[in-house]
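In what follows, a single structure is set out as structure tokens and then discussed.
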Amino acid sequence: MFRVNFLPWRARAQWQRYRFWRAVFAGQGVSALVAGIALFAFLHQQQVQQGKALALLAQHKSELVQRYQQVQQAMSRLAQQAARAAQLARNGEQNRRYLQLLQHCSTLAPTPLWLVALEGSPQGLVLRGMSHRYLAIAQFGHKLAALSLLQQQRLEEVVQRDDGPLSFTLKAQWSGNG
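Residue numbers (the working numbering): 301 to 478.
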């Protein structure tokens, strides 16, 4: 019987297995390192892209905020202009009423009657005048009552002045359709 020494063969086989597994583990380590670097690069790229997108969105937001403020300012100016136009329209309507009333008063007032004051507001007015005859004051009141400009016209007071003529106060309200 021969004796064979398998020790060098076993040592060589063991050394080959060791190199194989060392290469496998080293390959896994390198693969893990490469995968980690690739993942880091991918995440970094994503972060850079998201940063750019965020900067772009911030720019769009600032533009939109600026446009919104411009629209708000324009709406404010428009509201002011509308209020001013409405006020001018109310003033024009009031002026038209006064003009019509004064034109009517100049034709309706009897000759011995003088209007000395006209005080008004958007809802009503006060006419003050003088006359030597009460009948002229009454006629003037009746003629004013017939006007479509005024409603609820009433003679408030008639007072005899020391110097002779009668002083009167007549109150009326503007009519809705005047």
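The beta-carbon is built from N, C-alpha and C at its ideal position, and this holds for glycine as well.
Subject >> Supposed close pair K443, E456 - CB separation, criterion 8 Å >> reply: Here K443 is actually not in contact with E456; their C-beta atoms are around 17 Å apart, not less than 8 Å.
Original post:
If you pair each beta-carbon of the stretch 398-416 with each one of the stretch 368-388, do three or more pairs fall below 8 Å?
Top reply: No, the stretch 398-416 does not touch the stretch 368-388.
**OP:** Take every Cβ of the stretch 389-398, pair it with every Cβ of the stretch 427-437, and state whether three or more of those distances are shorter than 8 Å.
**Re:** With a cut-off of 8 Å, the stretch 427-437 and the stretch 389-398 do not count as touching, because too few Cβ pairs lie within range.
**OP:** Given a cut-off of 8 Å, decide if L450 and V459 are closer than it, judged by their beta-carbon atoms.
**Re:** Cβ distance not < 8 Å, so V459 and L450 don't count as in contact.
Subject >> Distance, L354 Cα to Q380 Cα >> reply: Taking the straight line joining both Cα atoms gives about 38 Å.
Subject >> Distance, A338 Cα to G327 Cα >> reply: The alpha-carbon atoms of G327 and A338 are separated by roughly 16 Å.
Original post:
Alpha carbon to alpha carbon, what distance is there between L364 and L356?
Top reply: So the alpha carbons of these two residues sit roughly 12 Å apart.
Original post:
If you drop the 5 nearest sequence neighbours on each side, which residues of the same chain put their C-beta closer than 7 Å to that of R454?
Top reply: Only K471 meet the Cβ criterion.
Original post:
Does the Cβ-Cβ distance between L408 and L418 come in under 8 Å?
Top reply: 8 Å or more divides the Cβ of L408 from the Cβ of L418.
Original post:
So is the beta-carbon of S475 under 7 Å away from any non-hydrogen atom of the ligand MN?
Top reply: The ligand MN is absent from the structure shown, which contains no ligands of any kind.
**OP:** Classify W474 as buried or exposed, calling it buried when 16 or more other Cβ atoms lie within 10 Å of its own Cβ.
**Re:** Burial call: buried.
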